[in-house]
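With the numbering used here applied, the sequence shown covers 1 to 281. Positions of the beta carbon are idealized from the N, C-alpha and C atoms, including for glycine. Structure, as structure tokens:
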Amino acid sequence: MLTPHQRYRKYKSAFMSGLAVFCAILVITPLGLILYHLLKQGIGALDWNFFTQLPKPHGETGGGMANAIVGTGELIALAMLMAIPIGVFGGIYLSEYGSEKVNFWIRFGADILNGVPSIVWGMTVFAIAVAPFGTKSAYAGGLALGFIAIPLILRTTEEVLVLVPNSYREAAMALGIPRWKIILHIILRTASKGLITGILLATGRIAGETAPLMFTILGNMYWNHNLKEPIAALPLQVFNYAIAPYDDLNRQAWAGALVLIFLIFILSLGVRLISGGMKKA
Numbered sequence: 001m002l003t004p005h006q007r008y009r010k011y012k013s014a015f016m017s018g019l020a021v022f023c024a025i026l027v028i029t030p031l032g033l034i035l036y037h038l039l040k041q042g043i044g045a046l047d048w049n050f051f052t053q054l055p056k057p058h059g060e061t062g063g064g065m066a067n068a069i070v071g072t073g074e075l076i077a078l079a080m081l082m083a084i085p086i087g088v089f090g091g092i093y094l095s096e097y098g099s100e101k102v103n104f105w106i107r108f109g110a111d112i113l114n115g116v117p118s119i120v121w122g123m124t125v126f127a128i129a130v131a132p133f134g135t136k137s138a139y140a141g142g143l144a145l146g147f148i149a150i151p152l153i154l155r156t157t158e159e160v161l162v163l164v165p166n167s168y169r170e171a172a173m174a175l176g177i178p179r180w181k182i183i184l185h186i187i188l189r190t191a192s193k194g195l196i197t198g199i200l201l202a203t204g205r206i207a208g209e210t211a212p213l214m215f216t217i218l219g220n221m222y223w224n225h226n227l228k229e230p231i232a233a234l235p236l237q238v239f240n241y242a243i244a245p246y247d248d249l250n251r252q253a254w255a256g257a258l259v260l261i262f263l264i265f266i267l268s269l270g271v272r273l274i275s276g277g278m279k280k281a
């Protein structure tokens, strides 16, 4: 037989659980409606031509976004070539070398940069890498996306390295192993899944960015084999098609948005799987 106080606690617990479920449904419902609308509008435009053909001239039906899909991959690769070394080495410095005062200001700066709107990065790169050379390019787009990814990779790298037990470091130092070898062969290997998770998160963060690309890559309706020239990118092409006065381009814009969502879903799933492996380990 429950006492009045126990009944009150039971009802209170049930009420709070129900409230939490209700709030979760409120959050998930709009996301579900967005995904449903994307599937409804975009699935019909997804075919083999969409992934293999170049865009048709405005007003003509058909074509695809093959150059934009490849261009997005090139931009992400350029961004990560810059962001991964800087972010990872910065995280190593914060975790293994830096003093408390210096680390505080580096963390503070990285946290501020994480909150900077992406369009500001686009304007910054336009001023330092587009205007002086007189042309937009894939390099400028990769630079803008790399700037966005660096602080995120830096902070996640530091967090996962801090989680490595100090006993690993102490045992290796007791054996006379140089510090750089301890970091390279023990600490980084132990934290490798966390590092990959941070890199995937940063990749998902920059994959759908449009605003910085408007200032840096211009866009291109054809294949581009020169990274010093304007290049196509899926987010920018989706934006241009969405505001175009042609139904077929609007339809392809929905399909491009669906491909972007699927790409980010794959990256998020990878993060989940790796994170789950970390917890089991």
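Residue from the options whose Cα sits closest to the Cα of residue i
i      : options                           : result
Leu31  : Val271, Leu273, Phe265 and Asn114 : Phe265
Ala65  : Arg272, His185, Phe239 and Val271 : What sits at residue 65 in the sequence shown is Met, not Ala. Closest by alpha carbon: Phe239.
Arg169 : Gly142, Ser137 and Arg189         : Arg189
Met221 : Met214, Ile231 and Ile199         : Ile231
Val160 : Ser118, Leu195 and Gly73          : Leu195
Leu54  : Gly71, Thr197 and Phe133          : Gly71
Lys228 : Val27, Ile206 and Leu75           : Leu75
Gly162 : Lys181, Ala191 and Gly142         : Position check: residue 162 holds Val in this sequence, whereas Gly was assumed. Per the Cα distances, Ala191.
Gly42  : Val271, Ser268, Arg272 and Tyr241 : Tyr241
Asn166 : Pro178, Thr29 and Ile186          : Ile186
Ile274 : Leu267, Ile261, His37 and Lys193  : Lys193
Val125 : Gly142, Lys10, Ala77 and Ala110   : Gly142
Ala77  : Leu258, Tyr11, Trp254 and Ala233  : Ala233
Gly98  : Pro85, Glu158 and Leu249          : Glu158
Ala207 : Leu35, Leu263 and Trp180          : Leu263
Thr52  : Val120, Leu267, Ser268 and Trp223 : Trp223
Asn226 : Lys181, Val88, Asp111 and Asn67   : Asn67
Glu180 : Ala244, Lys56, Phe89 and His5     : In the sequence as displayed, the identity of residue 180 is Trp instead of Glu. Out of Ala244, Lys56, Phe89 and His5, Phe89 has the C-alpha closest to the C-alpha of Trp180.
Gly115 : Ile177, Ile69, Lys10 and Arg205   : Arg205
Asp248 : Gly270, Lys56 and Thr3            : Lys56
Cβ-based neighbour list, residue i, same chain, cut-off 8 Å, excluding 5 preceding and 5 following
i      : result
Tyr246 : His58 and Gly59
Gly122 : Ala144, Ala211, Pro212, Leu213, Met214, Phe215 and Thr216
Leu38  : Trp254, Ala257, Leu258 and Ile261
Asp111 : Pro151 and Arg155
Asn49  : Gly62, Gly63 and Gly64
Leu35  : Ile261
Three-state class that DSSP yields for residue i in the structure shown
i      : result
Leu2   : coil
Ile218 : The identity of residue 218 in the sequence shown is Leu, whereas the question assumes Ile. Strand.
Ile199 : helix
Pro117 : coil
Thr190 : helix
Asn166 : helix
Ser137 : coil
Pro151 : helix
Trp180 : helix
Leu273 : helix
Pro212 : helix
Leu358 : As displayed, the chain neither begins before 1 nor continues past 281, which places residue 358 out of reach and without an answer.
Phe20  : The residue you asked about is not Phe; residue 20 is Ala in the sequence shown. Note: Ala20 maps to helix in three-state DSSP.
His225 : coil
Ala129 : helix
Leu175 : coil
Sequence-distant residues of the same chain with beta carbon closer than 6 Å to residue i, five excluded per side
i      : result
Arg251 : Ala45
Val164 : Ile187, Thr190 and Ala191
Ala83  : Gly146, Ala149, Ile150 and Ile153
Neighbourhood of residue i by C-beta, 7 Å cutoff - its chain only, sequence neighbours within 5 removed
i      : result
Leu113 : Pro151
Ile183 : Ile92 and Glu96
Asn209 : The question names Asn, but residue 209 is Glu in the sequence shown. Around Glu209: Ser118, Leu145, Ile148 and Pro235.
Ala244 : His58 and Asn250
Val271 : Thr197, Leu200 and Leu201
Ser268 : Gly204
Cutoff 9 Å: residue i Cβ touching any chain B Cβ
i     : result
Tyr93 : In the structure shown, chain B cannot be found, because there is only a single protein chain.
Fully enclosed by the segment 56-111, which alpha helix (DSSP H) runs are 4 residues long or longer? 66-92
What are the start and end residues of each continuous alpha helix (DSSP H) run of 4 or more residues lying completely inside the segment 27-54, in chain order? 48-52
Runs of alpha helix (DSSP H) lying entirely within the segment 228-253, each at least 4 residues, in chain order: 234-242
Give a yes or no on contact between the segment 112-131 and the segment 89-103, applying the rule of three or more CB pairs nearer than 8 Å. no
How do the segment 147-167 and the segment 190-210 stand: do at least 3 beta-carbon pairs fall below 8 Å, yes or no? yes
Please determine if the segment 135-142 and the segment 165-183 are in contact, where contact requires at least 3 C-beta pairs separated by less than 8 Å. no
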